[in-house]
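Report on the structure given below.
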Amino acid sequence: METRKGENTRMSKRQMTVVGGGLLGAAIAYGAARAGTSVRILDQGDSALRASRGNFGLVWVHGKGTTMPDYVQWSKEGLRLWPELQNELMELTGVDAGLQQPGGFWLGFDEKDVEARAVALDKINQDGGDVPFQMMDRAELRQYLPGLGDAVVGGSFCSLEGQANPLMLLRALHAALKAKGVDIISGVDIAKVEHDAATGTFVAIAKDGQRWKSDRLVLAAGLGNATLAPQVGLLAPIKPTRGQVLITERLKPFLDYPTNKCRQTKEGTVQLGSTAEDVGYDDGTSADKIEWLARRAVETFPVLGQARLVRAWGALRPLTPDGYPIYQESETCPGAFVVSSHSGVTLAASHCYVLGPWTSGLTQTPREFKSFRGERFLDPNASFSNGY
Amino acid sequence: MATDTFFSIPEPSAAGRVTITFEGEPLSVPAGISVAAALLAGGVKTFRSSVVGGGPRAPYCMMGVCFECLVEIDGVPARQSCLIPVREGMAIRRQIGAVELQFGAGEEA
Amino acid sequence: MNGDVTDLVVIGAGPAGLAAACEARALGLSVILLDEQTTIGGQIYRNIEAAPPDRREILGEDYAAGEKLAAEFRESGTDYRGGTSVWNVTTDGTVDYVAGHSATVTGRCVLMASGAMERPFPIKGWTLPGAMGAGAAQILLKGAGAMPSGPVVLAGCGPLLYLLAWQYLRAGAEIGAVVDTTDVAGYVRALPHAFGAIMGWRDLSKGLKLLATLKRSGVPVYSGASTLAIEGETAVEALTFKHRGKPVRLSASLVLLHQGVVPNTQLSLSTGLEHHWNSAQLCWQPVTDEWGRMGDSALYVAGDSRGIVGALASAAQGRLAALSIAKQLGAAADIAQRGTELKRQLAGHTRIRPFLDALYRPLTEHRVPPRDDVTVCRCEEVTAGQIRSYVDLGCLGPNQTKTFGRCGMGPCQGRFCGLTVTELIAEARGVDPEEVGHYRVRPPIKPVLLGDFVD
Chain X
0 METRKGENTR
10 MSKRQMTVVG
20 GGLLGAAIAY
30 GAARAGTSVR
40 ILDQGDSALR
50 ASRGNFGLVW
60 VHGKGTTMPD
70 YVQWSKEGLR
80 LWPELQNELM
90 ELTGVDAGLQ
100 QPGGFWLGFD
110 EKDVEARAVA
120 LDKINQDGGD
130 VPFQMMDRAE
140 LRQYLPGLGD
150 AVVGGSFCSL
160 EGQANPLMLL
170 RALHAALKAK
180 GVDIISGVDI
190 AKVEHDAATG
200 TFVAIAKDGQ
210 RWKSDRLVLA
220 AGLGNATLAP
230 QVGLLAPIKP
240 TRGQVLITER
250 LKPFLDYPTN
260 KCRQTKEGTV
270 QLGSTAEDVG
280 YDDGTSADKI
290 EWLARRAVET
300 FPVLGQARLV
310 RAWGALRPLT
320 PDGYPIYQES
330 ETCPGAFVVS
340 SHSGVTLAAS
350 HCYVLGPWTS
360 GLTQTPREFK
370 SFRGERFLDP
380 NASFSNGY
Chain A
0 MATDTFFSIP
10 EPSAAGRVTI
20 TFEGEPLSVP
30 AGISVAAALL
40 AGGVKTFRSS
50 VVGGGPRAPY
60 CMMGVCFECL
70 VEIDGVPARQ
80 SCLIPVREGM
90 AIRRQIGAVE
100 LQFGAGEEA
Chain R
0 MNGDVTDLVV
10 IGAGPAGLAA
20 ACEARALGLS
30 VILLDEQTTI
40 GGQIYRNIEA
50 APPDRREILG
60 EDYAAGEKLA
70 AEFRESGTDY
80 RGGTSVWNVT
90 TDGTVDYVAG
100 HSATVTGRCV
110 LMASGAMERP
120 FPIKGWTLPG
130 AMGAGAAQIL
140 LKGAGAMPSG
150 PVVLAGCGPL
160 LYLLAWQYLR
170 AGAEIGAVVD
180 TTDVAGYVRA
190 LPHAFGAIMG
200 WRDLSKGLKL
210 LATLKRSGVP
220 VYSGASTLAI
230 EGETAVEALT
240 FKHRGKPVRL
250 SASLVLLHQG
260 VVPNTQLSLS
270 TGLEHHWNSA
280 QLCWQPVTDE
290 WGRMGDSALY
300 VAGDSRGIVG
310 ALASAAQGRL
320 AALSIAKQLG
330 AAADIAQRGT
340 ELKRQLAGHT
350 RIRPFLDALY
360 RPLTEHRVPP
370 RDDVTVCRCE
380 EVTAGQIRSY
390 VDLGCLGPNQ
400 TKTFGRCGMG
410 PCQGRFCGLT
420 VTELIAEARG
430 VDPEEVGHYR
440 VRPPIKPVLL
450 GDFVD
C-alpha cells in the first residue's frame, strides 16, 4: 500500500461529504482532510446506534480472513500503520488513543475449538497469510497470563496483536478533524442521498429536510448504509448483530496482554466480552447475558471474582453477510463510495491513510479492494457466514 | 479552627460498643452505626485516595450514592462504608488508588 | 434464574415504599420489599426504630412521625429483605438483586421508591475531605447521633439546610456560620406561589419557626451569598464566597453543602421508559400516570424518586400506587373512595412545593460551574472545562461527552454528575436540558462483584 503520510500533497479543492461520524467516517474524513480535501461530516446525535461506542478495542489479525486472504493482508497492513496514527493524533491533539501492541491471546474453553483454531490458523498461512502464531496449552499460557482458570484448555498467541481505546480514538479523530478545519455537523439523520448525473454532484438530505451538496460522497453510516448505498448504485447488505460487553471498576494492572475474552485498559478497567445476538435493532442489555459474561470472566480468570462490575453495554455490530468489509466506488454514480466494516479500531489507520486519499480521488483503487465489492453478495450460488 | 475529628458522638450508646481497627489501630465505637460514621467520629479524615489523581477523599453523601467512602473491610476492597454496619473485630483499611486483585494459592496453580 | 414470584415488589424502604407495602398488604397482595439499607425508614426516617428518645427529641416531631409508619410496616406481613442491592429491573417486573449472591424476584408489578439524593454542589474544592452534604450530616445525626466536633459552616439553601441548623442548635452543636445562597430573585419568583404556601400554612409556619430560631441563636447568617468555593490542600480549610459584593473567607474544617434534593432516578432511567426535564425542580423525572404507573409497563414510581414532594406526600403516593396496582391485579374492585381521600391528602402535602421550588431554586453558578477547573465528575475527575471542550468538538449530549472523557463512567455510575453535565451541555449549546437528554443508564444499577454471579 503505497499511500503514506506526507505523500498526498496534491490539493483537491472539491467538496466531500462523509455520512457518519463514527470510527470509519471520522478516520476517512481525517485521512481525506490531511490529504487536502475539503470535507464535511454529517453525524447523528447523542442517542444514535453507535457501533464505535461499543467496540471491544482489539487491534487484531490472527484468526481473521480464513476464507479471504486479501483480508488477512489488509488487517496486517492496519496493524502496521497504527503506530503512525497513534503518534500523529497524539502530536496533533494531545489525545492518547491508547495503542499497545504487546501481542495477544485467543483462549479456548473446549479441546475441539482449540483444534479447529489450529487448523484455521494453519490454513491462513497455507494461503499465504504469513501471520505469526503459536498454539499453547494451559500451562504455557499461564506463563504469560498468571491466574488463568482451569476452564481454559488452550489457546493461540500472535505477536502482532494489540489493543487501543476506541473512545479515545474517536475523540482524537474528532479533535484532529477540528484541527484540520473539517466541518462537523452533528445531530442530523440522513434519510436520502441523490446523484445529479449532469453536474456529477451529490446531495445528502436529512430527515428534517436540510440538504448538503458535494462533489464526493462517502457513505460510512454503519447500519444506515444498507438503505443509503442502493440510492447511489451501491450494495451494502448490512445487518446488526448485538454484542454485550461488561466492564469492571479500575483495577491495578494484572493482565499484560489483551485476549479475545477480556482485556485490561490503560485506565485499569477490565473489559469482558462479548455476546453475539440476533435481536434486530435492540441495543439493550439483558440480565441473562450479563450473568453469563460474568461467569465466563471468572472462569477465565478466577481472581476476577473479586472485581466489581460497574458497567454493561450492548451495541450493534454492522455486519456484512461474510463479515468482511465493503469498500467500493459506485460505477453508476462516480464519486460516491460505500465503506462498511465492523473493525473500526483494527483498521483505523488504513481507513485514514488509504481510504482517505482513495475516496478523495487522489489514489488508484488498491488491488485487493476487488475482494471487498458489495456485488459478491449477489452470487446466487454462494453462501455466507460472518462468524458471529 | 482545625479539630481532630470532623464529627463526634457525644451521647452514650444504649446498644453498647464494639471494637474495630483502622489501619491496625483499635477504635472503640458505638454498636449499630455505619462504618463511615464510626471512622468519621474516630478521627479518620481520608478514607481513600482517588484512583485518578490520587487526591484524598472522604464520605460526601452517606447514603450509598457517591462512592467516596470506599474502604477495605476485612480484606475486601472498595466497600461502601456508609452502607455497612460496624461489627466486632472488623478490620478496616484505606482504599488507596485502584483495587488490587489478590491472587490466592489456588488461582495461580 | 427463576426466583420468587409475588404480586408486588417494592424497592426502597422510605415513606413511599413502606406505605405502599402496608396499603398493598391491607388489600391482600403479597409483597416483597427490597432495600439497600439494613434498617427501614429510608433517609428521612433513618434509624427510626433504634434512635434513642433524646435523639428523636433533637430531630423533631416530623422525624418521630415515622415511627407509626415503621410499626405499621412491621405488622403488615411484608417479606422484607434489607441489605439488598438491586442491579436490574425490567419493564415486565423482573428484579435482579444481590445479597451476597445474585438472586431474582418477579413482581406482577414493581414499585420503585428509591427516594431523593442531595443535588450535586459542584464548586471548587468540593471533593476535599471536610466538604460533605448537609443531608449526609443529618444522616450521621439520625444514624449515629454524630455532631460536628468544631464550629461547622452550613452553606447553600433549602429547607433541609435550615432544619439541620435548627437540629444542631437544639443538640448544642456550635454553628460557625450559615451561608445562605437564596437570592433576592428567589423571593420574587416565589411570590406568585405564595397563595399555595399560605394554603399549606402548616408547612410554611414550620419553616418560619426554623428560620426564627436560627435568627435568635446569634449564629452569623450571610444572606444572599454567591460564588462559593472551598479552599484547602488535603482537607477543607476555608469557605470563600461573595457577600454584599465583598469577598468573605471563613476558616472551617467542616463545610456542609446543600442546595436541595433531587429525585434518585437511576432505577427508573435504567428501564429506558420516558422521563422529562422538570424545569421548576431542575431535574429529570419519570413520566407516569396520576397513580405512578410508567406507560403500560409493570412498573410504578412513588415518592421523591418521581419528583420531590416530601415524606408525607411520598407516603400518600405510595398508597395511591398500591391502590392502582391492586385494581390492576384484580385484588380491589373499587378504589375510588380511598383514592379520593389519599389524593386529598397528597394535595395538602404538596401545596407548598411550588413556593419552595421557586424560592430555593439553586443559583445557576452553583449548578453549572463557570470556572473551567471545577470537578464535575468526582469519580473520574472530569472538569467543567473538559465537558465544554467536548461540546466544542461536536458532542450534543451526555452520552457523547461520557465516551469522550469518561465522565460518568466511575463507580457512582453518573449519579453525581448527571444533572450537572446535562445542564452544562445545555448552557454551552444554548438549548433546553430536555433537548440535551440524560445518561442512558444501564444495568448494573449498582456495582456488583463478578463473584456474586458464580454459584
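Chains as they are written, first to last, in numbering that gives the first Met the number 0: chain X, 0 to 387; chain A, 0 to 108; chain R, 0 to 454. Using N, Cα and C, we set each Cβ at its ideal position, and we do this for glycine too. Quantities reported herein were computed from a predicted structural model and do not represent experimental measurements.
Per-residue DSSP class, three states only, for residue i
i	result
R/LYS77	Looking at the sequence provided, one finds Thr at residue 77 of chain R rather than Lys. R/THR77 falls in the coil class under three-state DSSP.
X/GLY221	helix
X/PHE371	helix
X/TRP211	strand
R/ILE386	helix
A/VAL197	The requested residue 197 of chain A is not part of the displayed model; chain A covers only 0 to 108.
R/ASN87	strand
R/CYS156	strand
R/CYS416	coil
R/TRP276	strand
R/GLY142	helix
A/PHE6	strand
R/PHE194	helix
X/ILE189	strand
Neighbour list for residue i in chain R, Cβ cutoff strictly below 7 Å
i	result
A/ALA36	LEU139, GLY142, ALA143 and ALA145
X/HIS194	Those do not exist, as X/HIS194 stays about 27 Å from chain R at its closest Cβ, beyond 7 Å.
Residue burial classification, residue i (beta-carbon count within 10 angstroms, cutoff 16)
i	result
X/ALA26	buried
R/GLU340	exposed
X/THR268	buried
R/ILE174	buried
X/GLU76	buried
R/ARG169	exposed
X/TRP73	buried
R/GLU232	exposed
R/ARG318	buried
X/ASP282	buried
X/TYR280	exposed
X/VAL58	buried
X/VAL17	buried
Integer-rounded CB distance, given that residue j should sit under 8 Å from residue i
i	j	result
R/THR402	X/LEU254	In fact, because the Cβ distance is near 23 Å, the residues do not count as touching under 8 Å.
R/LYS126	R/ARG414	The question names Lys, but residue 126 of chain R is Thr in the sequence shown. That belief does not hold up - the Cβ atoms of R/THR126 and R/ARG414 are roughly 15 Å apart, past 8 Å.
R/VAL4	R/ALA130	Not confirmed; about 46 Å, so no contact.
X/GLY388	X/SER51	In the structure displayed, chain X extends from 0 to 387; residue 388 of chain X sits before or after that span and is not available.
A/GLU67	A/GLN94	A/GLU67 to A/GLN94, Cβ: 10 Å. No contact.
X/ALA314	X/GLY53	2 Å
R/ILE43	R/ALA69	The Cβ separation is near 12 Å, so there is no contact.
X/VAL338	X/ALA219	5 Å
Chain R residues whose Cβ lies nearer than 8 Å to that of residue i
i	result
X/ASP45	CYS394, LEU395, GLY396, PRO397, ASN398, GLN399, VAL435 and GLY436
X/LEU169	THR402 and PHE403
X/SER185	GLY393, CYS394 and LEU395
Contacts of residue i in chain X (Cβ-Cβ under 8 Å)
i	result
R/ASN87	ALA286 and ILE289
A/GLN94	Result: empty, since nearest Cβ-Cβ is about 11 Å, beyond 8 Å.
Near the ligand COA: residue i beta-carbon under 6 Å from a heavy atom
i	result
A/VAL75	What this structure holds is no ligand at all, so the ligand COA is not there to describe.
Neighbour list for residue i in chain A, Cβ cutoff strictly below 9 Å
i	result
R/GLU56	Here the premise fails: no neighbours, minimum Cβ distance about 11 Å.
Amino acids of chain R, ordered along the chain, whose beta-carbon sits closer than 9 Å to that of residue i
i	result
X/GLU248	GLY409, PRO410 and PRO446
X/ALA424	Past the boundaries of the shown model lies residue 424 of chain X; chain X is included only from 0 to 387, so the question cannot be answered.
X/ALA31	Per Cβ cutoff of 9 Å: no residues; X/ALA31 is ~17 Å from chain R at best.
Beta-carbon neighbours of residue i, restricted to chain A and to distances below 8 Å
i	result
X/GLY64	None at all; the shortest Cβ gap to chain A is about 35 Å.
R/ALA425	Under the 8 Å cutoff, chain A gives no residues; its nearest Cβ is about 23 Å from R/ALA425.
Chain X contact residues for residue i, given Cβ-Cβ distances below 7 Å
i	result
R/HIS101	Just to set this straight, residue 101 of chain R is Ser in the shown sequence, not His. The contacting residues are GLU290.
Notebook entry, point to check: Given a limit of 9 Å on CB to CB distance, which residues of the stretch 304-328 of chain X reach chain R?
Noted result: GLY304, GLN305, ALA306, ARG307, LEU308, VAL309, ARG310, ALA311, TRP312 and GLY313
Checklist line | Cβ-based contacts, 8 Å cut-off: residues of the stretch 72-103 of chain X near chain R | finding: none
Next item on the list: Report the residues of the stretch 57-90 of chain A with a CB closer than 8 Å to any CB of chain X, ordered along the chain.
Entry: VAL75, PRO76 and ALA77
Next item on the list: For the stretch 14-35 of chain A, enumerate the residues whose C-beta is nearer than 7 Å to any C-beta of chain R, in chain order.
Entry: PRO29, GLY31, ILE32 and SER33
Next item on the list: With 9 Å as the C-beta to C-beta threshold (strictly closer), list the residues of the stretch 135-166 of chain X near chain R in chain order.
Entry: PRO165 and LEU166
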